[in-house]
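Presented below is the structure to which this report refers.
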Amino acid sequence: MRVSTLSILPGLLSAAKAATFQDCGSTANDLQVSIAGCTDANPACIFNTGQKASIKATFTSPVTIESAEIKITASVGIASLNFPLSPAEACGNWGLKCPAPAGSPQALMVEVPIDSSYPKIKVGVELQLVTSQGEKLICKSFPVEIK
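According to mature numbering (1 follows the signal peptide of the UniProt record, and there is no 0), the sequence shown holds residues -18 to -1, 1 to 129 in order.
Structural data, given as structure tokens:
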């Protein structure tokens, strides 16, 4: 009986880790997203006011990328607010190299300012990278606690 309990444990642990980031329609292949402040120990990523949240993503694009925009939205209940990101264009600004042919590996590194005026609350955040053709390369949602 101990063997079956131990064999189930790794699956439960990986499921708990995977629950932090939910996919919301990503089309990129080999997508890996990491965010500073997100750990397995916390149910939500921690974003501290007055600092920047660092988001890194690596992926292989299934389509040619001529241009792409980053969208980061925070939601509480039915209210949504876009995090200001300047420039929103990812190509040439946040590590994305464009034009990029389909099948090319890409790396994206974004730093989002967390303004000190933001309320200290828990929000749902959605990160998107959308091409000029409307292809949603990255779409991940995750819980954030603003401290």
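Backbone N, C-alpha and C fix where the C-beta goes; we use that ideal spot for every residue, glycine too.
Remember, predicted model here, so these are calculated numbers, not experimental data.
Other residues of its chain near residue i: CB distance less than 7 Å, five sequence neighbours each side excluded
i	result
K34	E93, V94, P95, I96
M91	K38, W76, G77
P83	T46
Counted within 10 angstroms of its Cβ, other Cβ atoms place residue i as buried (16 or more) or exposed
i	result
S36	exposed
L(-13)	Caution is warranted here: a pLDDT of 36 is assigned to L(-13), below 50, making its placement in the model unreliable, and the coordinate value is therefore given only provisionally. The residue in question, L(-13), is exposed, as its Cβ has fewer than 16 Cβ neighbours within 10 Å.
T113	buried
I120	buried
Q110	buried
K122	buried
I17	buried
A50	buried
A72	buried
Residue closest to residue i, alpha-carbon to alpha-carbon, out of the options
i	options	result
P87	T31, S57, P44	P44
V126	P101, L119, V112	P101
D12	K129, G32, G85	G85
A26	Q115, V107, L63	V107
K38	T55, C6, G19	G19
K104	E71, S49, A72, V58	V58
F65	P83, T21, A56	A56
S98	C6, N30, I60	N30
T40	K79, G116, Q115	K79
Cβ distance (whole Å) where residue i is taken to contact residue j below 8 Å
i	j	result
G74	A89	Contact doesn't hold; Cβ gap of about 13 Å is too wide.
P81	I47	6 Å
F124	Q4	7 Å
K118	T9	6 Å
L28	K129	Reading off the sequence, residue 28 comes out as Ile, not Leu. Yes, they are in contact, since the Cβ atoms of I28 and K129 sit about 6 Å apart, within 8 Å.
8 Å Cβ cutoff, residue i in contact with chain D
i	result
T113	No chain D is present in this structure, which holds just one protein chain.
Any non-hydrogen atom of the ligand ZN within 7 Å of residue i CB
i	result
I120	Among the components of this structure there are no ligands whatsoever, and the ligand ZN is therefore not found.
Cβ neighbours of residue i in the same chain (closer than 6 Å, five flanking residues each side left out)
i	result
L63	A56
Cβ shell of residue i (< 8 Å), same chain only, five flanking positions each side left out
i	result
S68	none
- Taking only runs of the beta strand (DSSP E) that begin and end inside the segment 5 to 43, which ones reach a length of at least 3 residues, in chain order? The segment 5 to 43 contains these whole beta strand (DSSP E) runs: 11 to 17, 27 to 29, 33 to 42.
- Message: So within the segment 49 to 102, which uninterrupted beta strand (DSSP E) runs reach at least 3 residues, ignoring any that extend past its ends?
- Response: List check, beta strand (DSSP E) in window: 50 to 58, 61 to 64, 87 to 96.
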